[in-house]
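Here is the structure we will look at.
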Amino acid sequence: MPMRGRTEGERISNRLLIGAGLAMLILFVAPIFFYLVERNRSADVQNVGDAYGWVVRTLFEGTSPYKVRSQAGFLAYWTVRVAGVSVVAFTTGAIASRFVATVISRGAGMGTYKGSDHLLICGWSPKGSEIIRELRAKEVEDPRDIVILVDTETVPFEGDGIVFIRGNTSNDADLKRAGVERVSTVIVLADHTNASGDPDDLDARSLLTTLAVESINHDAYTCVEVVKSENRQHFERTRADELVVSAELTGALLAASARTHGLTEVIADLLTHPDGQELYRIPAPPELVNQTVRFALEQLKDVHESLLVGVFTDGHCQVNPPSETLIPPGADLLVVRERPIDFRY
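Going from the sequence shown to our numbering is simple: count from 1 and add 573.
Below, the structure written as structure tokens:
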């Protein structure tokens, strides 16, 4: 339906442009006709240039600057008046029609995202709303646009900096409409808008989406949701940067909570905003480079009220490293604190 509406809007706009073109053609021919019928009757019309000057002045002044001597001249005068109004009307209508069609198509997800360095969510589920809420939290303040690519008629989420693109998440053309060539991060969700809710079907669709994204832009950082633990092996064959296996995480958290009561509250506190303590990855401050973890623990706690949890080197995080471990140049630190802080000086 959205595509049909868009086509109809373009069709109307094209017809109006044709009408404007015909009116312009009349305005081009009318002076020649006016010259032929008035040249021997009016001293003001000595050549074709005078006739074209008459048309211009007639359009701007709203009346004939020359005294018309013949019935055919009067016909040319009124033809010019009508054609002039028609040009304005048809052109305005065409622009308005094209504008409305564009707005409608974007609202229906049929537009194209032109930006770059954005975050792309492929597929949709209730987790999508939670993801956007976290990214838009005051403590995070992620300034990137969020583009949602999903094959549904209704807009899944509305807000500032949120763009909806309707399409197939594994289709190259639809991915390119969502700007996947220029994206910085892609989140692939198990798409609950799919007709089948079978876990294997959901993972199969996510796998196709991941392969399509990586084939177009292998530099994009991809985070993929995997429903079944048994399907993890298939996703590990892709170039996905992070795999979030729902069954594994949920099962592990429930089991750990059964052993350590209150653990779910702690995990929720660390991962969600705005209340409580959060996990932050920050560049190692210059004064901590080449220092021991023991020294960093004391400095971060005393100066920044932060708890050092791990050290990132070569893209991997060592959680709770030994006290005498040295923090190398270029390392990132994983800390727990209440608010974000920029450690770069």
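Heads up, the beta-carbon is just placed ideally off N, CA and C, and yes, glycines get one too. Note that the structure is predicted; figures quoted are calculated from it, not measured.
Item	Value
Residue ranges of each alpha helix (DSSP H) within the stretch 727 to 776, 4 or longer	745 to 750
Under 7 Å between C-beta atoms of Ile585 and Ser659	no
Cβ-based neighbour list, Ala710, same chain, cut-off 8 Å, excluding 5 preceding and 5 following	His846, Pro847
Where Ile668 falls: helix, strand or coil (DSSP)	helix
Inter-residue spacing [alpha-carbon to alpha-carbon] between Val759 and Ala831	34 Å
Identity of the residues DSSP links to Ala910 by a beta bridge	According to the sequence displayed, residue 910 carries Arg and not Ala. DSSP lists Glu851 as partners of Arg910.
Per-residue DSSP class, three states only, for Asp905	strand
Sufficient close CB pairs (3 or more, under 8 Å) joining the stretch 798 to 810 to the stretch 773 to 781	yes
Beta-bridge pairing of Glu798 - partner residues as DSSP gives them	Val817
Residues of its chain near Asp745, where Cβ-Cβ distance is below 7 Å and the 5 sequence neighbours each way are ignored	Ala785, Ile789
Span of the alpha helix (DSSP H), counted from its first residue to its last, around Gly883	That residue, Gly883, is in no alpha helix (DSSP H); its beta strand (DSSP E) goes 880 to 886.
Helix, strand or coil at Val621 [DSSP, three-state]	helix
Environment of Gly732 [buried if 16+ CB atoms lie within 10 Å]	exposed
Spatial neighbours of Arg854 in its chain, beta-carbon cut-off 6 Å, leaving aside the 5 residues before and after	Asp905, Leu907
Pairwise C-alpha distance: Ala649 and Val723	57 Å
Inter-residue Cα distance where the pair is Ala825 and Val818	11 Å
Closest Cα partner of Thr664 within the set Leu589, Gly835, Thr652	Leu589
C-beta atoms of Asp814 and Thr795 nearer than 7 Å	yes
CB of Gly696 within 7 Å of CB of Asp764, strictly	yes
Reduced DSSP secondary structure (H/G/I, E/B, other) of His889	strand
Sequence-distant residues of the same chain with beta carbon closer than 6 Å to Asn741, five excluded per side	Asp724, Asp747
From Thr636, Asp690, Tyr686, Thr782, residue whose alpha carbon lies closest to that of Gly657	Thr636
Spatial neighbours of Tyr608 in its chain, beta-carbon cut-off 7 Å, leaving aside the 5 residues before and after	Val618, Val621, Ala624
Contiguous alpha helix (DSSP H) assignments of at least 4 residues, all confined to the stretch 586 to 641	621 to 634
Closest residue to Ala793 among Asn767, Glu754, Ala828, Gln644 (Cα-Cα distance)	Glu754
CB contact flag (Thr782, Ser757, <7 Å)	no
Check whether Pro729 and Ile721 have beta carbons under 7 Å apart	yes
For Lys700, the nearest candidate out of Arg642, Arg867, Thr766, Gln891 (CA to CA)	Thr766
Buried/exposed call for Val892, threshold 16 Cβ in 10 Å	exposed
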